[in-house]
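Q: Pasting in a structure now, in structure tokens, and then I'll have a few things to ask.
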Amino acid sequence: MLGRPDYWAPVHHWDTGQGDKIQAFDFSCQHPRWNLQVQGAPLSVYMRHDVSKRETIYLISHKRQDSSIYALKNVLEIALRTSSKPARPGIFLDDPFDMHVILSTLSLEASKHHVQRFRRFMWTQINKVDDQLASLQNRDRTQLSELTKQLQVISQNADSHIANADVCIITATGIRDAHARIFDAPVEPFRHQQVRDSIDYVIDSMQKQKMWFLNYKNRKDSTMSLVYNLVTQQDAANNIGLAADMKRDSTSMSAIASLTMVFLPGTFTAAILDGGIFSSPGGSHVTVNGIWWFWLLLTLVLTLITMGSWWLYRRKKDAESLNPILLADTNAKTRTGSTRPNLKSFSSGGSFSWPNRYSLGRIGSQGEGGKTD
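The opening residue of the sequence shown carries number 11 in the working numbering; numbering runs sequentially from there.
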């Protein structure tokens with residue numbers, strides 16, 4: 011189980027001898043991975059303690075350059091360097107869980123670095139949102155979109171840190187429960203109390219860290235809502251500006267249409283009179299030119315050509331817009347095929363025949379006493 015990155019729960023086992031006394035016990039656990047940017051094997055620890063021999067064996071599996079293992083080596087080197095030679099064999103033998111507690115404490119200390127990085131990143135993004143709110147920066151939609159992405163990253167990192175805190179709490183709680191089961195406080199000497207106090211400190215610290223991350227996530231949610239409101243306000247302002255521009259354009263078009271209606275009848279009348287179709291020799295009476303019908307015919311033909319061209323153009327555009335829908339329906343029918351039976355004939359007596367492909371026979375009914383063949 012060592013080194014498997016599936017976050018298995020703490021496991022403890024003990025062997026008993028005569029008189030139901032513990033002869034040896036095993037305990038193994040796995041610590042969380044706090045660095046969200048680098049993947050690797052988790053820190054897994056296996057411990058076996060022989061009570062009769064007072065011998066403790068630790069087997070540790072970890073990734074390369076693990077910070078907790080590097081710190082553990084430094085702690086051991088300092089302890090060996092500062093202690094006297096007669097006392098060196100007894101280092102960390104006061105309690106077999108000493109190494110478990112040290113690694114749990116080092117895991118807690120390693121989390122503080124990554125928690126601080128998360129806080130700096132979170133506050134940087136929140137300050138950018140505050141600048142947008144205070145109008146210290148122009149509300150660019152691209153910047154707001156980027157802030158939304160960064161806030162989503164904050165949410166994912168917060169979830170990962172909360173999960174790691176839960177893993178650390180489960181591991182530390184497993185160490186405390188296994189220690190309490192083996193070393194009963196009223197019976198064992200006071201030297202085991204230091205282990206219990208240290209592991210309680212790790213559990214309480216992780217619970218507090220988890221509480222803060224839940225608070226950070228709630229703050230992220232409120233900030234995300236604020237960014238959404240800023241985007242909505244910007245869209246509303248753009249729509250208002252667009253509506254104002256459309257209103258001005260509509261006013262201009264209305265003015266042009268009004269002027270056209272005022273001057274078009276006079277222009278049309280002047281064009282006809284200037285075409286030579288009507289004349290008034292001597293100013294006594296009005297005469298009509300003999301080719302007036304040619305003008306009328308040419309006008310009607312051009313009008314019909316213009317209207318027909320417009321109608322054909324609109325029909326072509328409508329067909330192009332409906333073509334993808336009709337093509338999709340045709341493809342769907344081609345794939346599925348026709349599944350409806352072809353019920354061809356219904357007799358006046360109330361009987362009908364299924365197609366031969368169904369081979370269901372003939373169903374007939376005659377009043378109340380119908381029968382089935």
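Ideal placement from N, C-alpha and C gives every residue a C-beta, glycine not left out.
1. Buried or exposed: which applies to A120, given that a residue is buried once 16 or more other Cβ atoms fall within 10 Å of its Cβ?
2. Count Cβ pairs between the stretch 176-188 and the stretch 83-95 that sit closer than 8 Å; are there 3 or more?
3. Applying the criterion that 16 or more other CB atoms from any shown protein chain within 10 Å of the CB defines a buried residue, is G359 buried or exposed?
4. Express the C-alpha separation of N249 and I138 in angstroms, rounding to a whole number.
5. Decide if the stretch 102-114 is in contact with the stretch 61-72; the criterion is three or more beta carbon pairs, one per stretch, under 8 Å apart.
6. How far does the alpha helix (DSSP H) with L86 in it extend, from its first residue to its last?
7. Given this structure, state the Cα-to-Cα distance separating Q47 from I136, to the nearest angstrom.
8. Does the beta-carbon of T26 have 16 or more other beta-carbons within 10 angstroms, so that it is buried, or is it exposed?
9. Going by DSSP in three states, D150 sits in which element: helix, strand or coil?
10. Looking only at its chain, what residues have a beta carbon closer than 8 Å to the beta carbon of S348, apart from the 5 residues adjacent to it on each side?
11. If you follow the beta strand (DSSP E) that I67 is part of, which residue opens it and which one closes it?
12. Ends of the alpha helix (DSSP H) at F389?
13. Evaluate contact between the stretch 253-264 and the stretch 273-292, counting only Cβ atoms and requiring at least three cross-stretch pairs below 8 Å.
14. Take the Cβ of T279 as the centre, count every other Cβ of all protein chains shown within 10 Å, and call the residue buried at 16 or more, exposed below.
15. Compare the C-alpha of S114 against each of A175, R151, H171, Q166 and name the closest.
16. Which value, in whole angstroms, describes the spacing of the CA atoms of N45 and I79?
17. Between the C-alpha atoms of K354 and P334, what's the straight-line distance to the nearest angstrom?
18. If you reduce the DSSP assignment to three classes, tell me which class L46 lands in.
A: Taking the geometry as given:
1. Burial call: buried.
2. no
3. Unreliable placement is indicated for G359, whose pLDDT of 43 sits below 50; no coordinate value is reported for it.
4. According to the sequence provided, residue 138 is Lys. The question's Ile does not apply to it. Straight-line Cα distance between these residues: approximately 25 Å.
5. Three or more beta-carbon pairs separated by less than 8 Å link the stretch 102-114 to the stretch 61-72, which places the two stretches in contact.
6. Per DSSP, the continuous alpha helix (DSSP H) segment holding L86 begins and ends at 77-92.
7. 22 Å
8. exposed
9. D150: coil per DSSP, three-state reduction.
10. Because S348 sits at a pLDDT of 49, beneath the cut-off of 50, its placement in the model cannot be relied upon, and the following sentence gives the value as read from the coordinates. So the list is empty, once near-sequence residues are dropped.
11. 65-71
12. Since the first residue of the chain shown is 11 and the last is 383, residue 389 is not available in this structure.
13. no
14. exposed
15. The alpha carbon of S114 has as its nearest neighbour, out of A175, R151, H171, Q166, the alpha carbon of A175.
16. 15 Å
17. Confidence is the limiting factor: at K354 the pLDDT is only 45, short of 50, which leaves the residue's position unreliable and the question unanswerable from this model.
18. In this structure, L46 counts as coil in the three-state DSSP scheme.
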